[in-house]
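Novice: Structure provided below as structure tokens; questions to follow.
Numbering (this note's numbering), first residue to last: 315 to 491.
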């Protein structure tokens, strides 16, 4: 065993204690803590954005549901008013009350459409406004239109409403970051 020469410390063995000194180790831990904190802040911000987006999406869907309900309530009442007027079953006072009721639904539709338009491009806003004005015209004339004219006016409104409904369906899609 005496034949083995004594080994001299290598360069790594001489430098390693200096590199792993207490100040260096403290700086390494502090750097890792900083990186962890930055990562957590980024994840927190993304989660907050996701929650906010989900809340807006839920409000948008609720408004879409409400505007769809108002449209079909308007359509049902307008069809009833047109049919009763065609049969001569409406007097002037009832016709005026029906017209006010229909206009109230149109105004509610317009208010909901305005809210939805805030989340859509300008072209959609124009479509929503045009549909509201179209429904307003139908409400004003529902009791005086012939059934064929009534259906023709509603055909255009139905087409515009279909586009609004497509906008609602698109907004229902979950958008990922």
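Just so it is clear, CB atoms sit at the ideal spot from N, CA and C, and this is done for glycine as well.
Please read these numbers as outputs of a predicted model, since none were measured by experiment.
1) Contact between the segment 412-419 and the segment 448-455: three or more CB pairs below 8 Å?
2) For residue 358, decide whether its Cβ has a neighbour in chain D, counting only Cβ atoms nearer than 9 Å.
3) Smallest Cα separation from residue 467: which of 445, 479 and 485?
4) Roughly how many angstroms separate the alpha carbons of residue 374 and residue 341, rounded to a whole number?
5) Just checking my contact of residue 471 with residue 448 at CB under 8 Å: how many whole Å lie between their CB atoms?
6) Could you tell me the distance, in whole angstroms, from the CA atom of residue 388 to the CA atom of residue 348?
7) Could you name each continuous beta strand (DSSP E) segment of 3 residues or more that falls completely within the segment 447-484, going from the start of the chain to the end?
8) Please work out which residues of its chain come closer than 8 Å, Cβ to Cβ, to residue 433, disregarding the five sequence neighbours upstream and downstream, and give them in chain order.
9) Rounding to the nearest angstrom, what Cα-Cα distance links residue 422 and residue 461 in this structure?
10) Between residue 306 and residue 386, what straight-line distance do the alpha-carbon atoms span, to the nearest angstrom?
Specialist: If we stick to the structure as given:
1) yes
2) Any reference to chain D falls outside this structure, which holds one protein chain only.
3) 445
4) 49 Å
5) Residue 471 to residue 448, Cβ: 5 Å. Contact.
6) 60 Å
7) Listed in chain order, there is nothing to give.
8) Excluding its 5 nearest sequence neighbours in each direction, residue 433 has C-beta neighbours in its own chain below 8 Å: 370, 374 and 485, listed in chain order.
9) 25 Å
10) The structure shown does not extend to residue 306, since the chain is modelled only from 315 through 491, so no value can be given for it.
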